[in-house]
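Peer 1: Chains as they are written, first to last, in my numbering: chain Z, 1 to 114; chain D, 1001 to 1112.
Glycine is no exception: its CB is placed at the ideal position from the N, C-alpha and C atoms.
These numbers were taken from a predicted model, which means no experiment stands behind them.
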Amino acid sequence: EAAVTQSPRNKVTVTGGNVTLSCRQTNSHNYMYWYRQDTGHGLRLIHYSYGAGNLQIGDVPDGYKATRTTQEDFFLLLELASPSQTSLYFCASSEGLGNYAEQFFGPGTRLTVL
Amino acid sequence: GDSVTQTEGPVTLSEGTSLTVNCSYETKQYPTLFWYVQYPGEGPQLLFKVPKANEKGSNRGFEATYNKEATSFHLQKASVQESDSAVYYCALRTGNTGKLIFGLGTTLQVQP
Chain Z
1 EAAVTQSPRN KVTVTGGNVT LSCRQTNSHN YMYWYRQDTG HGLRLIHYSY GAGNLQIGDV
61 PDGYKATRTT QEDFFLLLEL ASPSQTSLYF CASSEGLGNY AEQFFGPGTR LTVL
Chain D
1001 GDSVTQTEGP VTLSEGTSLT VNCSYETKQY PTLFWYVQYP GEGPQLLFKV PKANEKGSNR
1061 GFEATYNKEA TSFHLQKASV QESDSAVYYC ALRTGNTGKL IFGLGTTLQV QP
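1) Select from Z/Asp-62, Z/Ser-7, Z/Leu-43, Z/Phe-74 the residue whose C-alpha is nearest the C-alpha of Z/Ser-93.
2) Quick check on Z/Asp-73: does DSSP put it in helix, strand or coil?
3) Can you list the residues of chain Z that D/Glu-1042 reaches, using a CB-CB cut of under 7 Å?
4) Which chain Z residues sit within Cβ distance under 7 Å of D/Leu-1046?
5) Please classify Z/Thr-26: is it buried, with 16 or more other beta-carbons within 10 angstroms of its beta-carbon, or exposed?
6) Sort D/Thr-1005, D/Thr-1020, D/Val-1004, D/Ser-1003 by Cα distance to D/Val-1011 and report the nearest one.
7) In angstroms with no decimal places, state the Cα-to-Cα distance between Z/Thr-5 and D/Glu-1042.
8) Does the beta carbon of Z/Gly-63 come closer than 8 Å to any beta carbon on chain D?
9) Beta strand (DSSP E) containing Z/His-41: first to last residue?
10) What is the rounded straight-line gap between the Cα of Z/Leu-77 and the Cα of D/Thr-1017?
11) Quick one: list the residues of chain Z neighbouring D/Lys-1028, beta-carbon separation under 7 Å, in chain order.
12) Figure out for me which residue from Z/Thr-109, Z/Gln-71, Z/Gly-106, Z/Thr-20 has the closest Cα to the Cα of Z/Ser-53.
13) Can you tell me the Cα-Cα spacing of Z/Val-115 and Z/Thr-13, whole angstroms?
14) Check whether the Cβ atoms of D/Gln-1029 and D/Gly-1103 sit closer than 8 Å, and answer yes or no.
Encoded structure:
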């Protein structure tokens, strides 16, 4: 079973604050993804990565940076947090890009920007 | 662009009744279709995938058949249980990026 962990699980910051969300997967998956989940919008892809040092832009990237430092670790950075970024953030990983490659999700990080 | 549209909830059912969650999609590329389930306090997890037209995917009593002509893959279960209470997402993958496009999710509440 794929294992994806996220930290912190909850975070409160103020407008303009600097926040880093962390994600680690321990199943040697090459592909990792960051989503945000909001009522009325479902899950939306922010950034994703094919491997260490690689970064791809997702569907809602504005206000977010990401960095993939190793195969295991993928970070989401909010350098000037705004209340509109209050959300539940999920990280996911998958083995490949093929049609049968399942995405495994972490437990989520709830971020509140005051 | 690619999109997915599904039944909006919440849906409240009694145990033992049947469930249908409608999902349709739009894409000009070859689709791979999934149903994910999300229990309270957890991340989404794969329920099953439906890889080919006119084939059925199934798991835990849930099933869906991909209708290529109607561009749909509705989720069904004949007899729901209280433990099925969760949010259900249909998802579409196209191309070679691995990206998933999710529907808005359908919240199911099953009452004993």
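Peer 2: Taking the definition as stated:
1) Comparing Cα positions, the closest option is Z/Phe-74.
2) Note: Z/Asp-73 maps to strand in three-state DSSP.
3) By Cβ distance, chain Z contributes Pro-107.
4) Near D/Leu-1046 (Cβ distances below 7 Å), the residues of chain Z are Glu-102.
5) By the neighbour-count definition (other C-beta atoms within 10 Å, threshold 16), Z/Thr-26 is an exposed residue.
6) Measuring from the Cα of D/Val-1011, the nearest candidate turns out to be D/Thr-1020.
7) Between the alpha carbons of Z/Thr-5 and D/Glu-1042 lies a gap of roughly 11 Å.
8) Not closer than 8 Å to any Cβ of chain D, the Cβ of Z/Gly-63 fails to qualify, so no.
9) Here Z/His-41 belongs to no beta strand (DSSP E), and DSSP marks it neither H nor E.
10) Their Cα atoms are separated by approximately 45 Å.
11) What D/Lys-1028 touches in chain Z: nothing, since even the nearest Cβ is about 17 Å away.
12) Note that residue 53 of chain Z is Gly in the sequence shown here, rather than Ser. Closest in C-alpha terms to Z/Gly-53, from the list Z/Thr-109, Z/Gln-71, Z/Gly-106, Z/Thr-20, comes Z/Gln-71.
13) Outside the shown range of chain Z, which is 1 to 114, sits residue 115 of chain Z, and nothing can be said about it.
14) No, the pair does not count as a contact, with Cβ atoms beyond the cut-off.
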